[in-house]
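Heads up: the structure comes next, in structure tokens.
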Amino acid sequence: MSLDLVVVALLAVGAAARLTRLVSMDVFPPARKFREWTVHRFGDEHWIPELVYCPWCIGFWISGAVGASAWLWGDTLAWQIPASLLALSFVVSALVVATD
């Protein structure tokens, strides 16, 4: 296994973790409004709001999409730069919370 593959895999893990947090839990207004919209649109008992509010549930699908994108474009800067920013954001946020 090459070092490049390991780095791409680590970036994919960090990017998927950050996107999962963003979609399912962040208070960032557009993300929060999206989650609220799913409840308003589909109702409390529908599977779509449950999917969006559950990090275990949505994380599976986000990880699949990020993994597929890493497989297809992980060797390009167009994938590596945003994935690096997402992964770095996740690590920094986790460190801030852990040391708070």
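In the working numbering, the protein residues as written are 1 to 100.
Even for Gly, the Cβ is constructed at its ideal location relative to N, Cα and C.
In this text the structure is predicted, and so the values were computed from the model without any measurement.
Does DSSP classify H46 as helix, strand or coil? Your numbering for residue 46 matches position 46 in the sequence shown. Residue state for H46 is assigned as coil, using DSSP reduced to three classes.
Report the option in V13, S2, F28, F90 whose CA atom is closest to the CA atom of A68. The sequence position of residue 68 within the sequence shown is 68, counting from 1. Residue V13 is the option with its Cα nearest to A68.
Please work out which residues of its chain come closer than 7 Å, Cβ to Cβ, to S84, disregarding the five sequence neighbours upstream and downstream, and give them in chain order. For the purposes of this step, residue 84 is identified with residue 84 of the sequence shown, where counting begins at 1. If you ignore the 5 residues before and after S84, its C-beta comes within less than 7 Å of the C-beta of L11, all in its own chain and listed in chain order.
Which stretch, first to last residue, makes up the alpha helix (DSSP H) that contains D100? Along the sequence shown, read from residue 1 onward, the residue named residue 100 stands at position 100. From DSSP, D100 is part of no alpha helix (DSSP H); its letter is neither H nor E.
Start-to-end residues for the alpha helix (DSSP H) that takes in C54: For the purposes of this step, residue 54 is identified with residue 54 of the sequence shown, where counting begins at 1. Element bounds for C54: n/a, residue is neither H nor E.
Assuming R18 and A87 make a contact with CB atoms under 8 Å, what is their CB distance in whole Å? Your numbering for residue 18 matches position 18 in the sequence shown. Your numbering for residue 87 matches position 87 in the sequence shown. Indeed, because the Cβ distance is near 7 Å, the residues count as touching under 8 Å.
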